[in-house]
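Everything on this sheet refers to the single structure shown next.
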Amino acid sequence: MTPGIPRPAFYIFKCQQSAPPGMPKPSCVRQDDPESQQLFQHLAQSLMQKGIIATVQPVQTGCLGRCQQGPVMLVEPGHVMYVGLTKEKIDRIIDEHIIGGNVVEEYRIPDEMWAEPVPPSEVAR
Ligand code: FES
Numbered sequence: 002m003t004p005g006i007p008r009p010a011f012y013i014f015k016c017q018q019s020a021p022p023g024m025p026k027p028s029c030v031r032q033d034d035p036e037s038q039q040l041f042q043h044l045a046q047s048l049m050q051k052g053i054i055a056t057v058q059p060v061q062t063g064c065l066g067r068c069q070q071g072p073v074m075l076v077e078p079g080h081v082m083y084v085g086l087t088k089e090k091i092d093r094i095i096d097e098h099i100i101g102g103n104v105v106e107e108y109r110i111p112d113e114m115w116a117e118p119v120p121p122s123e124v125a126r
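As structure tokens, this is what we get:
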């Protein structure tokens, strides 16, 4: 039996939504905040430098629906949403959660903003 190509251990979905200037709604990438524009690149570079990019796949996404808490990213598996991101926070999440296996609770979205999901089978028509 030939070994297959391993699937990723994690996907990290980083919201890259950017609101146009003057738009009152907050967004994860902001024109007036250079660090917010560099976070995805920082994430990808850090995964590369640590040698884990093959098994941890960073994905750029649109809005993940928690704009007030931005910048945000979602780690799967686990449905772990991290909020208020900075480069330093991303580094700690990689070291402690992705490599170390322990969710960084203090950067996680508050429970009231991320309650239990509604099973589709309960609401499907
Ligand atoms: S803009 Fe990032 S969650 Fe909505």
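2 is the number of the first residue of the sequence shown in the working numbering; add one for each residue after it. Even glycine gets a Cβ: it sits at the ideal position worked out from N, Cα and C. Predicted, not measured: the structure shown is a model, and the values here were computed from it.
Exercise for review: From the DSSP output, read off the bridge partner residues of Q109.
Suggested key: Checking the sequence, you will find Arg at residue 109 rather than Gln. In DSSP, R109 forms a bridge with Y83.
Exercise for review: Say yes only if the C-beta of Q38 is nearer than 7 Å to one or more non-hydrogen atoms of ligand 1, and no if none qualify.
Suggested key: For Q38, the shortest C-beta to heavy atom distance toward ligand 1 is 7 Å or greater.
Check your understanding: Around the Cβ of I6, are there at least 16 other Cβ atoms within 10 angstroms (buried) or fewer (exposed)?
Key -> Result: exposed.
Check your understanding: Is the distance from the Cβ of L65 to the Cβ of V57 below 8 Å?
Key -> A distance of 8 Å or more separates the beta carbons of L65 and V57.
**Study point:** Three-way DSSP call (helix, strand, coil) for L48 in this model
**Key:** Here DSSP, grouped into helix, strand and coil, assigns L48 to helix.
Exercise for review: Measure the beta-carbon distance from R93 to M82 and round it to whole angstroms, keeping in mind my assumption that it falls under 8 Å.
Suggested key: That belief does not hold up - the Cβ atoms of R93 and M82 are roughly 16 Å apart, past 8 Å.
Point to revise | Between the CA atoms of A125 and L75 - distance to the nearest angstrom | key: When rounded, the separation of the alpha-carbon atoms in L75 and A125 is 25 Å.
Point to revise | Enclosing alpha helix (DSSP H) for P59 [first to last residue] | key: Unbroken run through P59 is the beta strand (DSSP E), V57 to T62; no alpha helix (DSSP H).
Practice item. Whole angstroms is fine: what's the gap from I100's alpha carbon to V73's? Key: Roughly 19 Å between the two C-alpha positions.
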